Amino acid sequence: MSLDAQAQSLRLLVVHHDLIVLEDLCETLAETGSAALVDRADTLRPDDLDGQCYDAALIEVSRNATAYETAFQTLSKALARVIWITDDMHPAPETPLVRTSLRQPFRTEDVTTALEAAGVLLTGMKMPRP
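Numbering (full-length UniProt numbering), first residue to last: 1 to 130.
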């Protein structure tokens, strides 16, 4: 991706406890033109076998105001957890949906910490269900 394209989009790691919901969410975002799937993460498994598993997708959201608003409304309705991926030019926004952020470049340990801060507790605790 070019630097110009990166400047016009935002990257988010979206985490959900239901793979089907996450896939539908990514598809909906792509169909509305408000976001594009960049990559799918492996299932995130907690240390405790009885704990909740999560799936994650890295998406790219357009900075276009309409696309941005549509993406966040869709994510909010799906009860997804969002981790904002920041850089020097783009700090995380003030919104209840974004519980934490990751600063690029980041390490695996940083991702784990961000997930836990976003309410995805990888120590066997479950994310609240609707």
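For glycine and all other residues, C-beta sits at the position ideal for the given N, C-alpha and C.
From a predicted model like this one, the values you see are computed outputs, not experimental measurements.
Check, Outcome
"Lys77 versus Leu22: straight-line alpha-carbon distance, rounded", "12 Å"
"Simplified DSSP state of Leu49, which is helix, strand or coil", "Note on Leu49: pLDDT 41, under 50, position unreliable in the model; no value is reported."
"Residue closest to Ala36, alpha-carbon to alpha-carbon, out of Asp18, Arg11 and Val82", "Arg11"
"Identity of the residue in Val61, Ala56, Leu102 and Tyr68 nearest Val15 by Cα", "Ala56"
"Beta carbon of Val82 nearer than 7 Å to that of Leu58", "no"
"Spatial neighbours of Thr74 in its chain, beta-carbon cut-off 8 Å, leaving aside the 5 residues before and after", "Leu25, Thr28, Leu29, Thr32 and Ser34"
"Residue of Thr66, Ile85, Leu13 and Ser62 minimising C-alpha distance to Arg40", "Leu13"
"Residues near Ala67 by beta carbon distance below 8 Å, same chain, minus five either side", "Thr32, Gly33, Ser34, Ala35 and Val61"
"Where the alpha helix (DSSP H) through Leu79 begins and ends", "That residue, Leu79, is in no alpha helix (DSSP H); it is neither H nor E in DSSP."
"Residues that Arg63 bridges to, as DSSP identifies them", "DSSP, once it has assigned bridges, lists no residue as partnering Arg63."
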